[in-house]
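The letter at position 55 of the sequence shown is residue 55 when you use the working numbering, and the numbering goes up by one with no holes.
We treat Cβ as the ideally placed atom computed from N, Cα and C, and that holds for glycine.
As structure tokens, the structure follows; a few thoughts come after it.
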Amino acid sequence: MEPCTLGYIPITLHTNERQPVQAFEVGEFMYRRCKPEDIENPFMNISITELSHNRSGSKNSILSIPEDVLFNIVPSQDKEKHEYLVVAKLMIVSLNEENKYLKQYEQIKDGQKSIARMELLHEPEPCMYPHCIFRVWVNDDVITYENYKFTLNKLKQLKTKIKEELASMIIREQISQDDAPLS
């Protein structure tokens, strides 16, 4: 992998020959940037293809903080941060025996069975070691922007299940009067 050449990216985020860690931890956070108006559910109005996130890492080995996902890692774009975006937080609450996140969904439409699976993968970028994606397959085909409307988009039930799964992971900020200072 090429080294990071963007001087504004903190060195702690550079991949620097570190290998991906495909095992995740229960309680680990995932961070995704989105528009402020989409913060309640950043997956509602998007195509389910490869969904980019940053992982926090474990409590003993922090890989990123929420604001890190706002850094621009595309050298051809003339900006350091996505200033007008906000950070949506997701939390991993369960994993399989291998400490991986992998879900499978089925739909029968017109007598045809379709199987979708979604997996969380750690796929570092040169300037963003904590970079991860939720990758989706339908019947063994990886969903991309190019094939989305001919695959997953035609399978409304599967698409809805995947969006609902992602939405269920979102951490919503809560206000409690127990936290308010006494006067």
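How many Å lie between residue i and residue j at the Cα?
i      : j      : result
Arg135 : Val26  : 19 Å
Tyr129 : Leu63  : 8 Å
Leu158 : Pro124 : 28 Å
His14  : Ile73  : 11 Å
Leu90  : Lys113 : 30 Å
Leu95  : Ile133 : 16 Å
Glu2   : Ser168 : 36 Å
Ile39  : Ile46  : 13 Å
Tyr105 : Gly7   : 43 Å
Val69  : Val93  : 21 Å
Would you mind reading off the limits of the beta strand (DSSP E) that contains residue i?
i      : result
Ile115 : 112-122
Ile133 : 131-138
His167 : What sits at residue 167 in the sequence shown is Ala, not His. No beta strand (DSSP E) contains Ala167, which is instead part of the alpha helix (DSSP H) from 156-168.
Ser52  : 51-55
Tyr31  : 29-34
Lys103 : 102-109
Ala88  : 86-91
Let me know if residue i comes out buried or exposed under the rule of 16 or more other beta-carbons within 10 Å of its beta-carbon.
i     : result
Gly57 : buried
On a Cα-Cα basis, can you pick out the residue from the options that is closest to residue i?
i      : options                     : result
Lys79  : Glu164, Ile9, Val86, Ile162 : Ile9
Ile65  : His122, Met30, Asn16        : Met30
Gly111 : Thr15, Ser52, Leu155        : Leu155
Glu164 : Glu17, Pro42, Ser61, Tyr148 : Pro42
Leu120 : Lys103, Ile108, Cys34       : Lys103
Glu83  : Val93, Ile170, Pro36        : Pro36
Lys149 : Val86, Thr49, Asn54         : Thr49
Asp141 : Lys161, Ile115, Cys34       : Ile115
Lys59  : Thr5, Ser76, Pro75, Phe24   : Phe24
For the ligand GDP, any of its heavy atoms closer than 7 Å to the Cβ of residue i?
i     : result
Ile65 : Looking for the ligand GDP in the displayed structure turns up nothing, as the structure carries no ligands at all.
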